[in-house]
Amino acid sequence: MQSLKRARVPNCWGFIDGTIRPICHPSVEQEDYYSGHKRVHCVKYQSVVTPDGITLSELGVFEGRKHDAGMFRESGFYQQLEAKARLPNGNNFVIYGDQAYGIRELLLCPFPGHRINEDQQNFNTSMSTLRVAVEWSFSKLVAEFAFLDFKKNQKLLLQNVEAMYKTATILTNCHSCLYGNQTSTFFNIEPVPLEIYLNVNNNN
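Numbered per the working numbering, the sequence shown finishes at 427, counting up by one with no gaps.
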């Protein structure tokens with residue numbers, strides 16, 4: 224966690240981001256699932272990844288046109304943070320996301336604009352590097368389950384696209400518990416043992 228301490232956020236436990244997964248061109252509600260930014264029909268998920276490379280929360284599925292801020296508001300995730308991330312001493316746990324989420328007490332974002340001081344710029348640079356490292360977890364999921372990246376196989380009306388993606392996420396987490404991942408290596412934090420992640424009770 225030295226990298227988080229150097230960025231002056233030792234209480235940051237996770238990184239939030241929206242994940243886009245392309246889908247086959249839908250026959251209905253095409254506009255709802257079209258991302259003008261990415262110029263592709265897709266669905267989106269809101270993911271929170273911890274520094275050990277584990278996807279701790281994955282909410283969705285959301286229409287492709289929905290922005291990250293809209294997903295965050297609709298998901299109710301911040302209300303969960305308020306219930307679980309506050310500490311009596313005031314040193315609350317926080318997560319980090321891009322500027323789309325907007326800074327809050329329990330959610331940090333980059334300092335906006337170009338007229339920021341040196342300390343603020345250093346903070347933005349440090350956290351940007353850490354955030355990219357966490358995005359490796361998204362790449363690992365698709366690498367382990369390549370069919371998720373084949374949009375012609377992601378037929379929204381014929382398949383349970385959401386179930387496939389979330390099942391793959393759980394299995395990728397299991398793989399990380401056993402073998403680690405690029406993110407956990409970067410942060411020098413080992414994922415929890417598989418039996419703890421799966422909450423397996425061996426006391427028969």
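The beta-carbon is built from N, C-alpha and C at its ideal position, and this holds for glycine as well. Every value quoted in this text rests on a predicted model; they were computed, and no experiment measured them.
Original post:
Is it buried or exposed for N427, if we count other Cβ within 10 angstroms and need 16 for buried?
Top reply: Low per-residue confidence applies at N427: pLDDT is 46, beneath 50, and the placement is therefore not dependable, though the value from the model is reported in the following sentence. Exposed is the call here.
Original post:
Under a three-way DSSP split, which group does G283 fall into?
Top reply: G283 sits in a strand when the DSSP states are folded into three classes.
Subject >> Cβ-Cβ separation, G403 to P416 (assumed contact under 8 Å), whole Å >> reply: No, P416 and G403 are not in contact; Cβ-Cβ is about 12 Å, not under 8 Å.
**OP:** Count the other C-beta atoms from every protein chain shown that fall within 10 angstroms of the C-beta of P335, then say buried if there are 16 or more, exposed otherwise.
**Re:** Counting Cβ neighbours within 10 Å, P335 comes out exposed, since fewer than 16 surround it.
Original post:
Buried or exposed: H264, going by 16 or more other Cβ atoms within 10 Å of its Cβ?
Top reply: If you draw a 10 Å sphere on the C-beta of H264, you find 16 or more other C-beta atoms in it, and that means buried.
Original post:
At a cut of 8 Å, does the stretch 387-403 reach the stretch 349-365 through at least three beta carbon pairs?
Top reply: Under the Cβ criterion (8 Å, minimum of three pairs), the stretch 387-403 counts as touching the stretch 349-365.
**OP:** Please go through the same chain and pick out, in chain order, the residues whose beta-carbon is closer than 6 Å to the beta-carbon of F295, but skip the five residues on each side of it.
**Re:** When the five nearest sequence neighbours on each side are left out, the beta carbons in the same chain lying within less than 6 Å of the beta carbon of F295 are those of Y324, in order along the chain.
**OP:** Count the other C-beta atoms from every protein chain shown that fall within 10 angstroms of the C-beta of T273, then say buried if there are 16 or more, exposed otherwise.
**Re:** So T273 ends up on the buried side.
Original post:
Thinking C-alpha only, which one of L381, S280, E358 is nearest G299?
Top reply: Taking each of L381, S280, E358 in turn and checking the Cα distance to G299, the smallest one comes out for S280.
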